[in-house]
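Novice: Take the sequence shown: its position 5, counting from 1, is numbered 25 in our numbering, and each next residue is one higher.
Sharing a structure here in structure tokens format.
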Amino acid sequence: MPRNRDKDISLGFGYKHFKHGAHACLIYRDESEKRRVISKYIESGIANNEQIEYFVDTMTPEEVRAWLAELDVELPQTKQVEISPAVSVYCPDGNFVPEQMLSCLKNYYDQSIAAGFSGARISGEMTWSCRNIPGSEQLIVYEALINTILDTHPITAVCQYDVNKFDGGLIYDVLQVHPLMFVHGQIVKNPAYIKPDEFLHNHMNNLKNE
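Spelled out as structure tokens, the structure:
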């Protein structure tokens, strides 16, 4: 089964190209800003023949399809693009288990390649984690661990964080676990990124000292 991490792909933003397995955070204040970014991200994935999954939390899948249509994103009639409620994906049994979600991502990538797609990309609205769902305190551990599977399963991911819903400490951690980030509608390398082993070591030490 092919692993395409060395191939350059467009994420929909200017002339820059990135590798399959790009992991970026979209930290935003304004819903229209988010929609502009995500519409380009999805549209470029369609053009690149990638399978795409959108995990929605703040509205229904039908409402997402509606605003994508308003931004002139034409969704294929096939299953290339699927939109699912975030909680049903991240917490299928009513709690969040990072390792379970990582297995889900790996399976999704494998299934996408087996189905003939050039790759797989996802995007998730992370506000589901603000509802005290059991295990949601492990969100940042999961985000760090995503970076450990990308060499073997180079799924491309954009994780969405509304700064109106998350505290500053969590946003600071989010910046440390994403190699790429969005700035003024463009995707750039994140200077705050820390490799997962180091981040998780620091994170565990901080928890012990609390």
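All C-beta atoms in this analysis are idealised placements derived from N, C-alpha and C, irrespective of residue type, glycine included.
(1) Buried or exposed, going by whether 16 or more other CB atoms sit within 10 Å of the CB of residue 218?
(2) DSSP state of residue 85, grouped into three classes?
(3) Entirely within the segment 126 to 189 and at least 4 residues each: give me those alpha helix (DSSP H) ranges in chain order.
(4) Per DSSP, which residues does residue 105 bridge with? Please list them.
(5) Considering only residues of the same chain and omitting the five flanking positions on each side of residue 32, which have a CB-CB separation below 7 Å?
(6) Just verifying my parser: in three-state terms, what is the DSSP assignment at residue 22?
(7) Here's the rule I'm using: 16 or more other beta-carbon atoms within 10 Å means buried, otherwise exposed. How should residue 82 be labelled?
(8) Measuring CB to CB, does residue 153 end up less than 9 Å from residue 197?
(9) Under the three-state reduction of DSSP, which class applies to residue 70: helix, strand or coil?
(10) Within 10 angstroms of the Cβ of residue 174, are there 16 or more other Cβ atoms? Answer buried if so, exposed if not.
(11) My output table needs one value for residue 116: the three-state DSSP class, helix, strand or coil.
(12) Specify the secondary structure class of residue 36 as computed by DSSP and reduced to three states.
(13) Taking the straight line between their C-alpha atoms, what separation do you get for residue 206 and residue 122?
Specialist: Result, derived from the coordinates:
(1) exposed
(2) helix
(3) 159 to 169
(4) 76
(5) 60, 61, 63, 64
(6) At residue 22 the pLDDT is 48, less than 50, meaning the model places this residue with poor confidence and gives no usable figure here.
(7) exposed
(8) no
(9) strand
(10) buried
(11) coil
(12) coil
(13) 27 Å
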